[in-house]
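Down below is the structure, laid out as structure tokens.
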Amino acid sequence: MVLLESEQFLTELTRLFQKCRTSGSVYITLKKYDGRTKPIPKKGTVEGFEPADNKCLLRATDGKKKISTVVSSKEVNKFQMAYSNLLRANMDGLKKRDKKNKTKKTKAAAAAAAAAPAAAATAPTTAATTAATAAQ
Numbered sequence: 001m002v003l004l005e006s007e008q009f010l011t012e013l014t015r016l017f018q019k020c021r022t023s024g025s026v027y028i029t030l031k032k033y034d035g036r037t038k039p040i041p042k043k044g045t046v047e048g049f050e051p052a053d054n055k056c057l058l059r060a061t062d063g064k065k066k067i068s069t070v071v072s073s074k075e076v077n078k079f080q081m082a083y084s085n086l087l088r089a090n091m092d093g094l095k096k097r098d099k100k101n102k103t104k105k106t107k108a109a110a111a112a113a114a115a116a117p118a119a120a121a122t123a124p125t126t127a128a129t130t131a132a133t134a135a136q
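When we follow full-length UniProt numbering, the leftmost residue of the sequence shown carries the number 1, and every step to the right adds one.
Right under this line is the structure:
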């Protein structure tokens, strides 16, 4: 994985979006990053590690190429504006989801739900009518 500066990350992310425009996906992950490069020990002595400030680790991949960057809390506003503009510019190639399956299921469920109370309402009335007729 290649660790880049913020501006370089945005230009490489634009290239990834352009490469995957017609087919393929770009996966982006964000997580809090405290600057540790070694795992935290489960038991034993804990070293005196104090993070300087809060940071955010961004990773992007298309399945073959991986890029990442670390954004400090001081740069987050500037980076967020540039990142949101980049996402808006490159999210135009999304496909609409097919809603045909959902509408068939909901119509069938609605018809069954409507038929069940109607059948329940007519059943006692029919039974009462049959009982009244039999008593006469």
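Every residue, glycine too, gets a C-beta built ideally from N, C-alpha and C. Since the model is a prediction, treat every value here as computed from it, not as a measurement.
Which whole-angstrom value describes the C-beta separation of Asn85 and Ser73, a residue pair presumed to lie in contact below a C-beta threshold of 8 Å?
-> Their Cβ separation, rounded to whole angstroms, is 20 Å, which puts Asn85 and Ser73 out of contact at 8 Å.
Decide if the region 55–70 is in contact with the region 1–8; the criterion is three or more beta carbon pairs, one per stretch, under 8 Å apart.
-> yes
On the three-state DSSP scale, how would you describe Val26?
-> coil
Hey, could you find the ends of the alpha helix (DSSP H) Ser84 is sitting in?
-> 76–90
Are the Cβ atoms of Asn90 and Phe17 separated by less than 7 Å?
-> yes
Which whole-angstrom value is the C-beta distance of Leu57 and Lys31, which I expect to be below 8 Å?
-> 5 Å
Looking only at DSSP bridge pairs, what is Ala60 linked to?
-> Ile28, Ile67
Taking the alpha-carbon positions, what's the Ile28 to Ala114 distance?
-> 44 Å
Specify, as a first and last residue, the run of the alpha helix (DSSP H) that Leu13 falls within.
-> 6–19
For Lys19 and Asp62, believed in contact at Cβ under 8 Å, the rounded distance = 7 Å
Taking buried to mean at least 16 other C-beta atoms within 10 Å of its own C-beta, is Leu94 buried or exposed?
-> exposed
Candidates Ala52, Lys42, Ser23, Thr22: closest to Gly35 by CA position | Ala52
If you count every other CB in all the chains shown that lies within 10 Å of the CB of Ala60, and 16 or more means buried, which is it?
-> buried
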